[in-house]
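Residues 1 to 571 (full-length UniProt numbering) make up the sequence shown, in order. One structure is given below, encoded as structure tokens.
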Amino acid sequence: MMKGIGASPGIAIGKALVVEESEIVIEKKSISDIDSELKKLSDAVLISKEELTKVKEKVAQEVGEEEAEIFGAHLLVLEDPEFIGEAENKIKNENINAEYALNEVKDMFVSIFESMDNAYMKERAADVKDVTNRVLRHILGIKVVDLSSLSDEIVLVAHDLTPSDTATMDKAKVLGFLTDIGGRTSHTAIMSRTLEIAAIVGLSDVTKQVNDGDMIIFDGDVGEVYINPDQKLIEEYEEKKRLFEEEKKALEELKGKESVTLDGKRVELAGNIGTPNDVEGLIKNDAEGVGLYRTEFLYMNNDKFPEEETQYEAYKAVLEGMKGKPVVIRTLDIGGDKKLSYFEMEEEMNPFLGYRAIRLCLDRTDIFKTQLRALYRSSVHGKLRIMFPMISSLEELLKAKEICEEVKSELRDENIAYSDDVEVGMMIEIPSAAIISDVLAKHVDFFSIGTNDLIQYTCAVDRMNQKISYLYNQFNPAVLRLINLVIKNAHAEGKWVGMCGESAGDQKMIPILLGFGLDEFSMSPISILRARRLVTSVSQADMKKLSDEILGLTRAEEIEAYMDKFIENNK
């Protein structure tokens, strides 16, 4: 048995597919059979074209035409007679092997594109690298797993999964994820919950322990994995799976009901999403709004900065899809562990403390204004709320709001419609913002507490570093006191407070947050009905007493043990 971090609930039973990024090693060889090398190249190009065409069609259908154009650009590289023709000429004229010839041509084209002043042409260098590596893998016989067209149901085993992996995979065939790295707040964990796929992360070396075709069973709630189990254990897990599915059906009864405590305190249970396609999961789980739309995926799943019209269509789709329910859209939050292939950022000693999120947007107002224009234009299609990430001072907040006013003024001058009823808020994820939340509350319509980063910054612990992961703890008394302070300060100014970090959907945190008076809980769609069951089974007055007791405790493990006992007694 292997033990990792339970990232997404569910029982997975199936055969493993191990996906490893193999290093491409190119050696120069003299060859005598030129026709054989030319055929090797043309076969690899043909297979790559077929794969890219399938991926392009799938992404266009499931994500959008704009996102699919990344793969369209890759196809254009393979269809460029100069590119492939140059590699063929090298094989013929220099009597060298196909992979070395192609790699030489790749380096030449990349060098040409990267030296150009034109930003669009510089971006083409990344396309050339990506598509050439695909062809090279086929020439060298390195296993290329196409996650978009899986033939059988599988348990996916990988070192980690990228945003493009999760965007293109055939979700109907993936029974679960297992990864070497990651925590509950890593991209893979968050995406697994959004997709409602069972997952365990942080298994250290699961890719080394598991082989293709091994039988795998695991419980995404508790983080336990069994490789090639005996029949008795398989039967136990089949029963667990049946009970899990029964619980899901029981939760269905809560659809259409209000999220109200026994003594009448109504809260909003919303969902976190990354793309317009995720709205389907919110509707399915009866979300009362979108508490966080992470717009960075619109940028990350692209090969250039998305244009205003592209962004407008994406935001409009979410607002219309939610049919008048509130939608909180976070402005661009890249930097730290979120990079764009087409936007070069300087290497930083501490990227999580560096040039990212609102800091980047206030510096590159051209990027920021394009997004704000698209947001305000989309506001006529629903109930939009705009939220700024990574605010650490009043100055940043006021500057961001000033740019909003400039954008609205420009739209008025152009006779472009937008709603006058757009709430503007900010995330509380930096301790300095929490401490001056009494000041900041006077200048916003709402706060949303981002616990993923608030814990990281308050405890000075890198949440992706598994060696110190024990220090990354939502029950740390300092974190809880900051959350309580923020809610008190906002309510004193008549402003509402939400939470969009992973703690908002945690069964052991929800009672504490109810006691603090949190107004909106935004979580992975899969957690919403479980949260409603808990909210409707308790009174806020009792939770206030509970949270007061919690604030009197001094150690994280004491607090967690207290909440474990509370949950056990209230089953």
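Ideal placement from N, C-alpha and C gives every residue a C-beta, glycine not left out. A quick note: this is a predicted structure, and the numbers were derived from the prediction, not measured.
Report, in whole angstroms, the separation of the C-beta atoms of residue i and residue j, which I expect to be a contact under 8 Å.
i    : j    : result
I510 : A531 : 6 Å
I216 : A16  : 5 Å
S8   : A198 : 6 Å
L332 : T295 : 6 Å
S419 : L384 : 7 Å
L269 : A287 : 7 Å
G335 : L360 : 6 Å
D170 : S149 : 6 Å
M390 : E429 : 7 Å
M444 : V424 : Note that residue 444 corresponds to Val in the displayed sequence, not to Met. Their Cβ separation, rounded to whole angstroms, is 6 Å, which keeps V444 and V424 in contact under 8 Å.
A433 : L485 : In fact, because the Cβ distance is near 11 Å, the residues do not count as touching under 8 Å.
Could you spell out the range, first to last residue, of the beta strand (DSSP E) harbouring residue i?
i    : result
A158 : I154 to A158
K15  : I11 to V19
Y226 : E224 to I227
A199 : A198 to V201
F521 : E520 to M523
Short of 6 Å in beta carbon distance, which residues of its chain neighbour residue i, apart from the five on each side in sequence? Order them along the chain.
i    : result
A556 : N473, F475 and N476
L514 : Q540 and M543
T458 : P431, A478 and V479
I70  : D303
A504 : F521, S522 and M523
N489 : S437, D438 and A441
E308 : T370, R373 and A374
Could you give the first and the last residue of the continuous alpha helix (DSSP H) run that contains residue i?
i    : result
K241 : Q231 to E252
T458 : T451 to C459
N484 : P477 to A492
Q376 : According to the sequence provided, residue 376 is Tyr. The question's Gln does not apply to it. Per DSSP, Y376 belongs to the alpha helix (DSSP H) from T365 to S378.
V206 : V206 to Q209
I550 : Q540 to L551
M499 : Note, M499: premise wrong, no alpha helix (DSSP H); beta strand (DSSP E) at W496 to M499.
I559 : A556 to N569
A434 : P431 to I435
F516 : I510 to F516
V145 : Here V145 belongs to no alpha helix (DSSP H), and DSSP marks it neither H nor E.
I416 : It is not in any alpha helix (DSSP H) - I416 carries neither H nor E in the DSSP assignment.
L529 : I528 to V535
Pull the bridge partners of residue i from the DSSP assignment, please.
i    : result
L384 : V327
R294 : R330
L319 : L319 is not bridged to any residue.
A400 : Bridge partners of A400: none, in fact.
D219 : I11 and E224
G425 : M387 and F446
T179 : A158
K3   : E224
F352 : Paired residues: none, contrary to the question.
G335 : K338
F343 : L340
V174 : I154
Can you give me the Cβ contacts of residue i inside the same chain, cut-off strictly under 7 Å, excluding the 5 residues immediately before and after it?
i    : result
C500 : N272, G291, L292, S448, G450 and S522
E153 : G14, K173 and L175
G223 : K3, G4, I5, G6 and I200
A87  : L41, A101, L102 and V105
A44  : V135, H138 and I139
I483 : I449 and F516
K316 : S378 and H381
I11  : A198, D219, Y237, K240, K241 and F244
I487 : V497, F516, G517 and L518
F109 : F83 and V128
K92  : I34
A417 : V380
V77  : F83, D127, V128 and V131
Excluding five sequence neighbours on each side, which residues of the same chain lie with their C-beta closer than 8 Å to the C-beta of residue i?
i           : result
T188        : A7, D160, L161, T166, F177, T179, G182, A199 and V201
residue 574 : Residue 574 is absent from the model: the chain starts at 1 and stops at 571.
H491        : V497 and G517
T261        : V267, L514, V535, T536, V538, S539, Q540 and M543
A254        : Per the sequence shown, the amino acid found at residue 254 is Leu instead of Ala. Excluding positions up to five away in sequence, the list reads D286, L529, R532, R533 and T536.
E54         : Sequence inspection shows Lys at residue 54; the Glu mentioned does not correspond to that position. Around K54: D146, S148 and S149.
S32         : N95
Got a sec: does the ligand ATP put a non-hydrogen atom nearer than 8 Å to the Cβ of residue i?
i    : result
C404 : Ligands displayed in this structure: none; no statement on the ligand ATP is therefore possible.
Beta strand (DSSP E) segments (min. 3 residues) lying fully within the segment 252-281
Every beta strand (DSSP E) of 3 residues or more that sits fully in the segment 252-281 is shown, in chain order, as 268-273.
Can you list, in chain order, the stretches of the alpha helix (DSSP H) that have 4 or more residues and sit fully within the segment 22-104?
DSSP runs (the alpha helix (DSSP H)) wholly in the segment 22-104: 34-62, 65-78 and 81-94.
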